[in-house]
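Engineer: This is the structure I have questions about; it appears just below.
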Amino acid sequence: MIKPKVLLVEDKESDVRLVKEAFSILNIETDLNAVYDGEEALNYIFKKGKYASAQTPDIVIMDIKMPKKNGREVLKEIRENSSTKDITVFMLTNSDAKEDILDSYEHRANSYMTKPLELSEFVEIIKYINEIWLKKTGRN
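Sequential numbering of the sequence shown, starting at 110, is according to the numbering used here.
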């Protein structure tokens, strides 16, 4: 079985570890890559620089508040490009600001969730992502 390709866009190393641990606990096999800011995410998605040979992700799990470019800007660029507009983008962020939620959905985020504090809650979110989104890729 081909592993689904997941791009995690998150500037906090501790949250990267929690997401990876949640995938591991659930025994979900993915090709998971992490980048740490919005510019790096766009370079990965659009195969620029050191990411020239990167595979297009099946799903992007992305924070909003990040250095260089925020998640809303990255989402907008993904949706404006014909080659990437259909990538599943899941916003996972500390922000529960109405503006962030509305703007994310306005730019066609597939889902929006506030980051939990506990590993067990991260596991539930990754379980949801797997059941609802990753299985749609036909790779899991």
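We put the CB at the ideal spot given by N, CA and C, even for glycine.
The structure displayed is predicted, hence computed values, not measured ones.
What number of angstroms, rounded off, separates the C-alpha of ILE234 from the C-alpha of LEU141?
Structural biologist: Within the sequence shown, residue 234 is the residue found at index 125, counting from 1. Within the sequence shown, residue 141 is the residue found at index 32, counting from 1. Cα to Cα, ILE234 sits roughly 16 Å from LEU141.
Engineer: Is the beta carbon of VAL198 closer than 9 Å to that of MET175?
Structural biologist: Residue mapping note: residue 175 aligns to position 66 of the sequence shown, counting from 1. Residue mapping note: residue 198 aligns to position 89 of the sequence shown, counting from 1. No; because the gap between Cβ atoms is not below 9 Å, this pair is not in contact.
Engineer: Helix, strand or coil for LYS236, going by three-state DSSP, please let me know.
Structural biologist: Taking the sequence shown and counting its residues from 1, the one referred to as residue 236 is at position 127. Of the three classes helix, strand and coil, the one that applies to LYS236 here is helix, per DSSP.
Engineer: Roughly how far, in whole angstroms, is the beta-carbon of THR193 from the beta-carbon of ILE154, given that I think they are within contact range, below 8 Å?
Structural biologist: Walking along the sequence shown from the start, residue 193 turns up at place 84. Walking along the sequence shown from the start, residue 154 turns up at place 45. So it is a contact: roughly 6 Å between Cβ atoms.
Engineer: Quick check on the burial criterion: 16 or more other C-beta atoms within 10 angstroms. Buried or exposed for ASP167?
Structural biologist: As a position in the sequence shown, residue 167 is number 58, starting the count at 1. That one is buried.
Engineer: With H, G and I counted as helix, E and B as strand and the rest as coil, what does DSSP make of TYR221?
Structural biologist: Within the sequence shown, residue 221 is the residue found at index 112, counting from 1. TYR221: strand per DSSP, three-state reduction.
Engineer: Hey, quick one: how far does the alpha helix (DSSP H) through ASP209 stretch, first residue to last?
Structural biologist: In the sequence shown, the residue the question calls residue 209 occupies position 100. 207-215 is the extent of the alpha helix (DSSP H) around ASP209.
Engineer: What residue does the alpha helix (DSSP H) around LYS185 start on, and which one ends it?
Structural biologist: In the sequence shown, the residue the question calls residue 185 occupies position 76. Where LYS185 is concerned, the enclosing alpha helix (DSSP H) stretches over 180-189.
Engineer: Between the region 221-230 and the region 123-133, can you find at least three pairs of beta-carbon atoms closer than 8 Å?
Structural biologist: These segments touch.
Engineer: In the DSSP assignment, find the beta strand (DSSP E) that holds ALA143 and state where it starts and stops.
Structural biologist: For the purposes of this step, residue 143 is taken as residue 34 along the sequence shown, with counting starting at 1. Unbroken beta strand (DSSP E) run through ALA143: 140-144.
Engineer: Please go through the same chain and pick out, in chain order, the residues whose beta-carbon is closer than 7 Å to the beta-carbon of PHE132, but skip the five residues on each side of it.
Structural biologist: Taking the first residue of the sequence shown as position 1, residue 132 is located at position 23. Cβ within range, chain order: THR139, LEU141 and ILE235.
Engineer: Which same chain residues, not among the five before or five after LYS114, have their C-beta less than 6 Å away from its C-beta?
Structural biologist: In the sequence shown, residue 114 corresponds to position 5, counting from 1. Correct list, in chain order: ASP140, GLN164, PRO166 and ASP167.
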